[in-house]
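Numbering (the UniProt record's numbering), first residue to last: 1 to 240. Here a beta-carbon is modelled for each residue, glycine too, at the ideal position from N, C-alpha and C. All of these numbers come straight from a predicted model, not from anything done at the bench.
Dropping the structure here:
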């Protein structure tokens, strides 16, 4: 059963000369880890913005939990479809402030130490300045912050970008382990520039090219085609 359904989405920013996304259709199943890959400028991050209602499409329909997006109050939708932005942007204040940002809005009580433990950080980090953390630590706190809202779907915009190879594997494995622990109640959409991540972690793959879904399927079905397109648009294993 799908948790998010998109049909024929088209998006063109105001005054833009052409569409960024065209005829995007797919379903995200419950307990599924979907990865989106494609060249820079293919619309990957824009699609995540449509799924979190930071933007709305010019055409097409979106459903969450079998209900049209427009029928969900936007704050509630963003709570249940959480977005971790590219670069692991930290809010001003401590790690504790970041983790409790969502629960405070919703007047919910959570144990922040529990969420730090989920991302393999000690409780001593709670009082540290979030903006002074290392890149890998910020990515972990960004995950904890999204999880503290108890979402049904997590949208991850290049969560391993700008990390060294070791940290990239650590964060990737962490995401996979969290997904497995919460698989009965969580779905993930993860934008990546790295094919090794797609092969290693994805249940389902969308390959975007020029704003459209060029390929859709599992790695064993479309991995060869993705690889051929990838190396036509890449340098040293990273999509340009």
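How would you call residue i, buried or exposed, if buried means at least 16 neighbouring beta carbons within 10 angstroms?
i, result
"residue 62", "buried"
"residue 98", "buried"
"residue 88", "buried"
"residue 232", "exposed"
"residue 24", "buried"
"residue 148", "buried"
"residue 106", "exposed"
"residue 44", "buried"
Skipping 5 residues on each side, what residues in its chain have a beta carbon closer than 6 angstroms to that of residue i?
i, result
"residue 80", "151, 152"
"residue 4", "28, 64"
"residue 12", "19, 58"
Among the options, which residue has its Cα nearest to the Cα of residue i?
i, options, result
"residue 202", "172, 84, 211", "172"
"residue 135", "191, 218, 158", "158"
"residue 178", "132, 117, 15", "117"
"residue 115", "104, 42, 140, 94", "140"
"residue 125", "230, 144, 96, 143", "96"
"residue 132", "82, 161, 90, 120", "90"
Take residue i and list the residues in its own chain whose beta-carbon comes closer than 8 angstroms to its own, dropping the five residues that flank it on each side.
i, result
"residue 216", "26, 204, 205, 206, 207, 222"
"residue 100", "110, 112, 148"
"residue 103", "109, 110, 148, 149"
Quiz item: What are the complete alpha helix (DSSP H) segments, minimum 4 residues, inside the stretch 35 to 113?
Solution: Considered as a whole, the stretch 35 to 113 harbours 44 to 51, 74 to 80, 95 to 99, 101 to 105 as its complete alpha helix (DSSP H) runs of no fewer than 4 residues, in chain order.
Exercise. For the stretch 141 to 228, list the beta strand (DSSP E) runs that are entirely contained and at least 3 residues long, ordered along the chain.
Key: Within the stretch 141 to 228, the complete beta strand (DSSP E) segments of 3 residues or longer fall at 153 to 157, 187 to 191, 204 to 209, 212 to 217, listed in chain order.
Quiz prompt | Segment contact flag, the stretch 29 to 38 with the stretch 189 to 206, C-beta cutoff 8 angstroms, min 3 pairs | solution = Yes, the stretch 29 to 38 is in contact with the stretch 189 to 206.
Quiz item: Can at least three beta-carbon pairs, one atom from the stretch 51 to 61 and one from the stretch 103 to 111, be found at a separation below 8 angstroms?
Solution: No, the stretch 51 to 61 is not in contact with the stretch 103 to 111.
Exercise. Flag this pair as touching only if the stretch 164 to 171 and the stretch 1 to 20 have three or more C-beta atom pairs under 8 angstroms; answer yes or no.
Key: no
Quiz item: Would you call the stretch 207 to 218 and the stretch 8 to 22 touching, i.e. three or more CB-CB distances under 8 angstroms?
Solution: yes
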